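Worksheet: one structure, shown below.
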Amino acid sequence: MIPEPRADPLAVRALRPPPGWSARVGWRAAGDGEQSHRVLHAATIPMTGSRSDYGSDIAARLGVDDSLVVLLEFGASAVGTALFAPRGLPVPQVTQFDPNMLQRTLPGQSGFQRFFTVDGRAFCLYVVLGSHARRARTVPRVHALLSRVDVADGTLTLRGPA
Amino acid sequence: MTFTTKLATGVGNALEHRFSRRSLLGRAAVVGAAVTVGGLDFVLRPTPAYAAVCGPGASCGDGWTAMCCTINAGVNQCPPGSFAGGWWKADGASLCGGQARYYIDCQGECTHCGCNGSPFCTDTCWNCERRCASGTCDERRVCWNVFRYGQCNQQVGCSGPVLCRMISCVPPWKFESCTTDAATDDNTTDHTAPCLSPWSPLQSSYASIGGAGSVLGAEVGAEYAVAGGTAQHTTAGRLYRSSAGADRWVLNAVLTTYVAHGEVDALGLPTTNTTKTADGHYAYNDFAENFSIYVGPSGSWLLGGPIRTLWVQLGRENAAVGYPSGPDAAVGAGNWQVFVHGVIASSTAGTLEILAPVAAGWLNAGAANVGYPTAAAAVNGGVTTQTCTAGLLCASSATGSHAVYGDIYAAWQADGGVSGSYGLPTADVAVNGGGGTYQTFQEGRIDAAPSRSHPQRHVVPPRR
């Protein structure tokens, strides 16, 4: 069993998910030769710890009205590459969710994945919906969460409501 | 019996029991892998072995991606038409000796369209077809999950789905174009397939030299037992481990010859890695049953028996005969092998080099006529001679290299041979008009009747 991600003290202090969401920002201890970066996990189900940076174990527990949002940061070498060329945090549209756009394709679910750069930092946004059929209902809740994402000042966190 | 004959017998025996042994070993490998993956759970419960071998989530409906070796002819690497798109690890994996186990997603490619703002093209552009793997317990998905970990080949911004997963106990940034940005998924720790080897001393050795990034390349199929050890196929050769714990590899340049001659069963396990020769141009392996295979300027050739023993004593490729340039051949009570600069011949008379300039005469005459050398060549007054069991090799710059043998030899010797009135041979033995043979010399010609029962006659007497 790998250790759970260490909490990011800066992020925890300011982590303010919308109602109905639980969230956590942390990073794992880097192994030999590795670089470890912040990862945000937010889900509409309780998170007792994840053994997966892309949240495969959380995704497997999603109900039909649940969602998982993962925001994973990459190292500086990713900035400027073709994969991370898009600028700004993407906002997934209902039509962009695909039942096959998943790390692990489970019946009924759908996903969304984009790589992008914000303020010279490279990220991946990965969203899993518990039910593709009910995406029109769950995607607005994902928007509400993403509207609070803040990567300013070198951190990765969720702002409180304005 | 020449070593070629011994080899032929060995290969036959090897083939005879390879099939029965492989099926047995295959079963043993499955059970061994199952114990490694499933641990006591596998041992104590009546779980089908193949289910345990592939680990959890192995059915297509489980939604995970299949192993590359399952769909790539056993080769544990990204198949042609795919590229490493990212990686993750599972820490503390028993399949990597308790260390991190790495998973590299191989992405399919887009054939004729872009991605329109997404990192993925639509399925009509994929160069692969969505399907479930089949044929083993690894029935996971192929060309299905539209997902990317993102640390590898970041210069490629548009791709297809994950085609398959390559597995490694060596960090992927050491052999693929990947960054060191770590990602973890401990839920996949025990995902495996029959074409992947369980952890073993040999696998530890493979990882220690760099795994897929080593000179051996990617693994092909699972480790298997051979006489006196274990072996692992790779894209660039094979890695062997003896029961005594010695790990040695044979690269493809040598391997083809090694396999053609019966591999481990006939030649024994390798006792060296494939090693560059001192000149840096060629390569060789030595094997436990006193064989060597050299890849030299004239191809890849096996050496064994007394010929190899002498060649090694003489300094291998630094011997006067140089690199081997042909196979071992047997005629009568001896055998011989051609080298770039001569021959080594072995018989009851001994094992000796036949070098230029007399080698050409010996090769033209053949061992069946002039026999095998009985002494090293001697040089006297610009004339090189070497005695053979049925004649003499004789060469000079003026007369060339020729063998004198049979009745002609007897007559020539009776006349004094090299110092006699006929002088040195100027041509090889040839057939005369009467069905016999003749040979020209500096000062005459000697003919021999067709049958050895007839005395030779000197149709052209010496001019002096």
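Line order of the protein sequences matches chains A and D. Just so we're aligned: 53 in this note's numbering is position 59 of the first sequence, and the numbers increase by one with no gaps anywhere. Just so we're aligned: 1253 in this note's numbering is position 128 of the second sequence, and the numbers increase by one with no gaps anywhere. Where is the CB? At the ideal position from N, CA and C, for every residue including glycine. All values reported here derive from a predicted model rather than from experimental measurement.
Within chain D, the residues placing a beta-carbon under 7 Å from that of phenylalanine 78/A are Gln1279, ordered along the chain. A buried status is given to histidine 1386/D, since no fewer than 16 other beta-carbon atoms sit within 10 Å of its beta-carbon. In the DSSP secondary-structure assignment, cysteine 118/A is bridged to Leu66/A, Phe109/A.
DSSP places valine 133/A in the uninterrupted alpha helix (DSSP H) bounded by 129 to 140. When 7 Å is used as the limit between beta carbons, threonine 99/A is near these residues of chain D: Gly1188, Arg1266, Trp1269, Asn1270, in chain order.
Secondary structure of proline 101/A (DSSP, three-state): coil. With fewer than 16 other Cβ atoms inside 10 Å of its own Cβ, lysine 1401/D counts as exposed. For alanine 1308/D, the closest Cβ of chain A is nearer than 8 Å.
Shown in chain order are the members of the segment 1290 to 1321 of chain D whose Cβ falls below 7 Å from a Cβ of chain A: Pro1296, Thr1304, Thr1305, Asp1306, Ala1307, Ala1308, Thr1309, Asp1310, Asp1311, Asn1312. Take serine 1526/D, set aside five residues on each side of it, and the residues of its chain with a beta-carbon closer than 7 Å to its own are Pro1482, Val1483, Ala1485, Gly1486, Ala1520, in chain order. Under the 8 Å criterion on CB atoms, proline 1286/D is classed as interfacial with respect to chain A. Put simply, the CB of arginine 1226/D is far from chain A, with every gap to its CB atoms at 8 Å or more.
Contact between alanine 1318/D and glutamine 1202/D is absent: CB atoms are separated by about 14 Å, not below the 8 Å threshold. Annotated three-state conformation of alanine 1215/D is strand, per DSSP. Residue range 1224 to 1233 is occupied by the beta strand (DSSP E) that includes tyrosine 1227/D. Threonine 1313/D sits in a helix when the DSSP states are folded into three classes. Listed along the chain, the chain D residues whose CB falls inside 8 Å of the CB of leucine 96/A are Gly1188, Asn1270, Val1271, Phe1272. Taking a contact to require three or more Cβ pairs closer than 8 Å, the segment 1234 to 1246 of chain D and the segment 1323 to 1331 of chain D do not qualify as touching. Under the three-pair Cβ rule at 8 Å, the segment 86 to 101 of chain A does not count as touching the segment 20 to 27 of chain A.
Annotated three-state conformation of asparagine 1443/D is helix, per DSSP.
Listed along chain A, the residues sitting closer than 8 Å to proline 1244/D by beta-carbon distance are Leu77, Gln107, Arg108, Phe109. In this structure, Asp1310/D is the residue among Asp1310/D, Gly1354/D, Trp1269/D with its C-alpha nearest to the C-alpha of alanine 1225/D.
Checking the DSSP bridge columns, you'll see histidine 31/A has no partner listed. Three or more Cβ pairs drawn from the segment 1290 to 1310 of chain D and the segment 1213 to 1225 of chain D lie within less than 8 Å of each other, which places the two stretches in contact. Between glycine 1223/D and chain A, the shortest Cβ-Cβ separation is not below 8 Å.
At a cut-off of 8 Å between C-beta atoms, phenylalanine 91/A does not count as an interface residue with respect to chain D. Arg45, Ser46, Asp47, Tyr48, Ser50, Asp51: these are the residues of the segment 43 to 65 of chain A whose beta carbon lies less than 7 Å from some beta carbon of chain D, given in chain order. The criterion of a C-beta distance shorter than 8 Å is satisfied by serine 1207/D and leucine 1288/D. Counting C-beta pairs closer than 8 Å gives fewer than three between the segment 73 to 87 of chain A and the segment 48 to 58 of chain A, which falls short of the contact rule.
Below the 8 Å Cβ cutoff, chain D contributes no neighbours of glutamine 87/A, its closest Cβ being approximately 11 Å away. Within the same chain, Cβ atoms closer than 6 Å to the Cβ of valine 1375/D are found at Gly1362, Arg1363, Tyr1383, Pro1395, Thr1399, Asn1410, the five residues on either side in sequence being excluded. Beta-bridge partners assigned by DSSP to proline 1395/D: Phe1412/D. In the three-state scheme derived from DSSP, where H, G and I count as helix and E and B as strand, glutamate 1301/D is classed as coil. In this structure, Asn1377/D is the residue among Gln1438/D, Glu1414/D, Asn1377/D with its C-alpha nearest to the C-alpha of alanine 1408/D. Under DSSP, glutamate 1478/D forms a beta bridge with Ile1469/D.
The segment 1529 to 1539 of chain D and the segment 1553 to 1570 of chain D touch, with three or more beta-carbon pairs separated by less than 8 Å.
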